[in-house]
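Written out below as C-alpha cells is the structure these notes cover.
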Amino acid sequence: MSTLLAFLLSVFVVGFVFAEPTDYFADNGFGKPVSTMQHPCAEYFNGVTYVAYQGPHEDPYICAYNHKTRQWSGPVKAGTSSLGNSPDPTEADEVDNHGRPALVVDGTGHIHLVFGGHGGAWRLGRNTLGTPGSGRQTHVMSTNPEDISSWEILDNVSPFGTYSQFVKLPDGDIYLFYRHGSHRSDWVYQKSTDGCRVFAAPVSVLKHKRQTADPNIHDAWYAWFHKGKGDTIAVTYHHHPCAVIGHKKPRNNGYYMRMNCGDDSWENVRGERLTLPVTKESADEHTLVVDTGTEGVRTGVCRVDDEGHPHIFIKQGARLVYYRWTGDAWQEPVVITRESTGQEGDFFIESPMESRMLLSQTIEGKGEVCWWRTTDGGLKWERETCLMASENAELLLGSLVRNARPEARVVVSEIKADQRNLSRKMYLLGDSGPVRRE
Ligand code: ZN
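For the sequence shown, my numbering gives the first residue as 2, with consecutive numbering after it.
This is the structure in C-alpha cells:
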C-alpha cells in the first residue's frame, strides 16, 4: 500500500470517527466525576468554556469549548491525583471521588485546577489545623494562557485540603476555601492577589474542636462558599458531630454568614460582627438558619441577590428546602420537591423575587436536569423545561459554570444503572440542551 493511500485512508477513518456528532463531549469521566462540592468545575473566559472533571485514576481532565467556532478540544490530563489506584478500581464504592477538580481562570487567562486532596496523608507532615486523611491537595496551572495543552505544578497551597472551592472577586483576588484535613479539621481559606502564583497562609473560618459535654464527639463542618454582593463572600454550612469511637456521618442544621473582603472581617446575616474562627457555640447563637433536629442534611448551595440577601437550598432528608432572607427575617422554609432521589441543584437569582434553579433528580429510575422557577420570592416553584433526561440513569450535577453563557450553564455526568464499568459520559448543558461535539 502506498504511503499516499495509507494517508488518505487514515484521513477517511479519522474523519469518519469524528463525523458523528455526540451529545456528550467526553466519555472518560470516572466514578462520580463532578459534584457541587468541589466548585466550580467550569468557567467561561474570553469566548471559551473550560470544563474540568475527574477522569481515570481520579486524575483531573479538562476540555475546552470555543463558542465562536463551536469546536471542542481535549480531554487533556492536567495532573496526577495521589488518590488514584492502579489499576483503576472496578467497583463504585472503591473510588474515593475526591479527585474532583475545582477550576478558576486568573486575570492573565491561565487556568488553575486544585484536586486530589482528601485531608492529606500522615507522611505529608503535621497538620496543625486538623487531622490527617488521604491524598494530597494539588495545584496545577496551564503553562500558557487560554491553552489546555500543557500544565505545571505550583507547590503553593496546603496539601491537607479537601472540598477545594475557588471564589474569584471582581478585582482579581482569588480565594481558595477548603477543609484543612479529614473530618475533624478547620475550614480555612488561602488568599491570592497575584493570580494564584502566591497564596497567603491558611486562615481558619470554622473551628473544629472536642465537645465539652462528650469528649468523644468533635464539632466538624461541611461548607459551601460563593461570591456574594460586591466584595463579599457568602457561605452556607452544616454541623457534623464527628465521633472518634463509633463514627457515623450525621450532618445537621443550616447556617449562614459572610466575609467582607475589604478588611477580611466576618458578620452574620444581620450585620453583627463575628469572631473567627467560628465555633459551634457561636454558630448556634449568631448564624443559625435552621435547626433540623435529628433530620439529616446534605450540603446546600447559597447565592446572594442584588440587595445582598442570601437565598439557600438545603437537602433535608429526601426533601429540597428553600430559605430566603427578606431583610429582617428568614422567610418560612419552602419544600420544593420531595419524591425523588439524587437531588442536586444550583441556581441563579434574577431579582430578589425571581430565581431559576437547575435541579437534577431521579424519578422512578429516570434521571433529569430541569429548570425550576419562582416569581414570588420562592413561595411557589414550577418545574419548567428539561435540558436533559436519561432513562435508567442518574445525572450528577456540578455547580453552575462561572460567568456562564446561556448555551453552556452546567456540567453533568451520566451514570447508567446497568453499566458494568465506571466510565462516565460528560455533558455540558445549556438552554438548548447539551452542547454537541461535532
Ligand atoms: Zn466525622
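Beta carbons: idealized from backbone N, C-alpha and C, even for Gly.
Under the three-pair Cβ rule at 8 Å, the stretch 418 to 438 counts as touching the stretch 31 to 45.
The stretch 273 to 280 makes no contact with the stretch 310 to 323, as fewer than three CB pairs between them are under 8 Å. Remark: the C-beta of Ala224 is outside contact range of ligand 1, defined as less than 7 Å to any heavy atom.
At a threshold of 7 Å, Ala65 does not count as near ligand 1, since its beta carbon sits no closer than that to any of the ligand's heavy atoms. Looking at the backbone, the Cα of Gln191 and that of Trp73 are separated by about 33 Å. A straight-line Cα-Cα distance of about 40 Å links Thr144 and Leu275. The Cβ neighbour count for Thr139, taken over all protein chains shown within 10 Å, is at least 16; the residue is labelled buried. Inclusion of Ser82 and Asp60 in the CB contact set at 8 Å is warranted, their separation being smaller than that value. Secondary structure note for Lys192: its beta strand (DSSP E) is the uninterrupted segment 188 to 193. Cβ-Cβ distances below 6 Å link Tyr324 to Val290, Ile313, Trp331, Pro334 in the same chain, with the five nearest sequence neighbours on each side left out; the list follows chain order.
Per DSSP, the unbroken alpha helix (DSSP H) holding His287 starts and ends at 281 to 287. Contact between Ser205 and Val189 holds: CB atoms are separated by about 5 Å, below the 8 Å threshold.
For Thr338, the enclosing beta strand (DSSP E) begins and ends at 335 to 338.
For Thr237, the uninterrupted beta strand (DSSP E) run begins and ends at 233 to 244, by DSSP. The chain-ordered list of residues whose CB is nearer than 5 Å to some heavy atom of ligand 1 reads His184, Cys243.
Annotation for Trp373: the continuous beta strand (DSSP E) segment containing it runs 367 to 375. Distance from the CA of Glu273 to the CA of Asp285, rounded to the nearest whole angstrom, comes to 14 Å. Leu130 sits in coil when the DSSP states are folded into three classes, being neither helix nor strand.
A straight-line Cα-Cα distance of about 48 Å links Ile246 and Tyr66. For the pair Pro146 and Gly110, the CB atoms are nearer than the 8 Å cut-off.
Residues Gly121, Leu125, Arg137, Gln138 of the same chain have their beta carbon placed closer than 6 Å to that of Pro160, with the five preceding and five following residues left out of the count.
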